[in-house]
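In UniProt numbering, the protein residues as written are 1 to 316.
Laid out in structure tokens, this is it:
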């Protein structure tokens with residue numbers, strides 16, 4: 001996550017410990033018409049071929065390249081820089097992708113009101129009134145504005161009172177991730193560098209990362225279980241340590257018993273239990289039309305989840 005105006009590093013350590021400074025290294029964004037973000041070849045950077053928006057803002061360190069590190073430094077981050085950045089170099093055919101998220105906070109004219117819950121939104125011809133609570137025991141505070149953009153999930157937004165009514169209900173599915181850290185990448189003993197394992201065991205999907213964590217090189221992370229829908233409901237009632245044991249039991253069956261001794265930490269994310277989302281993603285049921293969610297509501301607008309089906313057409 002970066003703020004507008006920050007300098008950031010898109011990290012990629014090949015772990016080859018070999019000099020790649022004379023190879024062709026490309027960083028690009030496939031969502032751009034002119035997709036080349038940075039091109040390095042024979043110890044030179046070809047700025048003329050870059051997307052103009054990135055000229056003068058990207059650097060690949062020669063010292064890093066000589067150590068097998070292809071981390072791209074991006075200066076003066078802009079809101080439009082948000083996206084997926086892909087790297088490839090000539091001696092390896094695999095590609096590596098890293099996501100850059102850019103926060104709007106730095107562009108706000110007024111400071112953000114953190115730890116404040118919106119309780120009610122009313123609108124009239126004069127404008128919109130937002131009533132929020134800064135603490136559990138505090139009275140509601142009124143904020144009068146011209147227009148409101150609601151960016152919470154449709155499910156979490158159901159706890160906001162609208163006057164007049166401005167939101168339809170939509171089905172949200174459940175999802176749970178179980179993340180385990182290990183003292184070393186045991187899966188690479190089986191020549192697994194990336195990809196996933198699929199099992200009928202409770203863990204269902206296990207993802208092996210292809211990237212490293214330069215800020216914490218002593219920790220190797222495995223997405224030991226990624227479940228959704230009915231598969232994830234099985235885990236909702238279990239504590240983190242119980243889920244750790246479930247995931248380790250499945251890993252032992254797929255790999256070998258010694259993985260237990262290598263495991264250090266468990267982190268669990270249950271989207272259905274998150275008070276700010278109350279679900280993982282919008283999933284429309286057969287009779288739930290999407291058009292109703294796109295009706296105009298005058299001065300009140302809702303940004304639907306990017307993970308939901310996005311076929312709400314203009315004017316529909």
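Beta carbons: idealized from backbone N, C-alpha and C, even for Gly.
Same chain, Cβ closer than 6 Å to residue i, neighbours up to 5 away in sequence not counted
i           : result
residue 178 : 224, 225, 243, 247 and 268
residue 161 : 120
residue 70  : 12, 25 and 87
residue 39  : 26, 46 and 49
residue 54  : 37
residue 19  : 66
residue 145 : 128
residue 104 : none
residue 14  : 68
residue 9   : 71 and 73
residue 155 : 172, 278 and 279
residue 232 : 174, 175 and 176
residue 59  : 73
residue 238 : none
Exposure label - residue i; buried when at least 16 CB within 10 Å
i           : result
residue 50  : buried
residue 92  : exposed
residue 1   : exposed
residue 148 : buried
residue 273 : exposed
residue 282 : buried
residue 200 : exposed
residue 206 : buried
residue 235 : buried
residue 85  : buried
residue 79  : exposed
residue 64  : buried
residue 123 : buried
residue 159 : exposed
Contacting residues, own chain, Cβ-Cβ under 7 Å from residue i (five flanking each side not counted)
i           : result
residue 82  : 100, 101 and 102
residue 42  : 22
residue 32  : 51
residue 228 : 173, 174, 175 and 280
residue 130 : 118, 121, 143, 145 and 148
residue 181 : 219, 220, 221, 264 and 265
residue 90  : 23 and 24
residue 195 : 208
residue 197 : 206 and 254
residue 57  : 74, 75 and 76
residue 216 : none
Counterpart residues of residue i in DSSP-defined beta bridges
i           : result
residue 73  : 9 and 59
residue 26  : 39 and 88
residue 68  : Answer is none; residue 68 lacks a bridge partner.
residue 206 : 197
residue 48  : Bridge partners of residue 48: none, in fact.
residue 281 : 173
residue 96  : 87
residue 270 : 176
residue 109 : Answer is none; residue 109 lacks a bridge partner.
residue 4   : None; residue 4 has no bridge partner.
residue 53  : For residue 53, which the question treats as bridged, DSSP gives no partner whatsoever.
residue 317 : Absent from the model: residue 317. The displayed extent of the chain is 1 to 316, so no value can be given.
Close-in-space but distant-in-sequence residues of the same chain around residue i (CB under 8 Å, 5 per side omitted)
i           : result
residue 184 : 220 and 262
residue 7   : 73, 74, 75, 76 and 77
residue 252 : 259 and 260
residue 203 : 178, 224, 225, 227, 246, 247, 250 and 251
residue 140 : 119, 120, 131, 132 and 133
residue 295 : Low confidence applies here, because residue 295 scores a pLDDT of 48, under 50, leaving its location unreliable and the question unanswered by this model.
residue 35  : 28, 29 and 51
(request) Identify every run of the beta strand (DSSP E) within the stretch 114-196, keeping only runs that are complete inside it and at least 3 residues long; order them along the chain. (result) Listed in chain order, the complete beta strand (DSSP E) runs (minimum 3 residues) inside the stretch 114-196 are 117-124, 127-133, 141-145, 148-150, 161-163 and 175-182.
(message) Pairs of beta-carbons, one from the stretch 246-261 and one from the stretch 175-193, closer than 8 Å: are there three or more?
(response) Proximity of the stretch 246-261 to the stretch 175-193 meets the contact definition, three or more beta-carbon pairs being nearer than 8 Å.
(message) For the pair the stretch 196-211 and the stretch 80-98, tell me if three or more CB-CB distances fall below 8 Å.
(response) Touching, per the Cβ criterion.
(request) Just list the beta strand (DSSP E) runs in the stretch 216-266, keeping only unbroken ones of 3 residues or longer that don't cross its boundaries, in chain order. (result) Qualifying beta strand (DSSP E) stretches, in chain order: 220-228.
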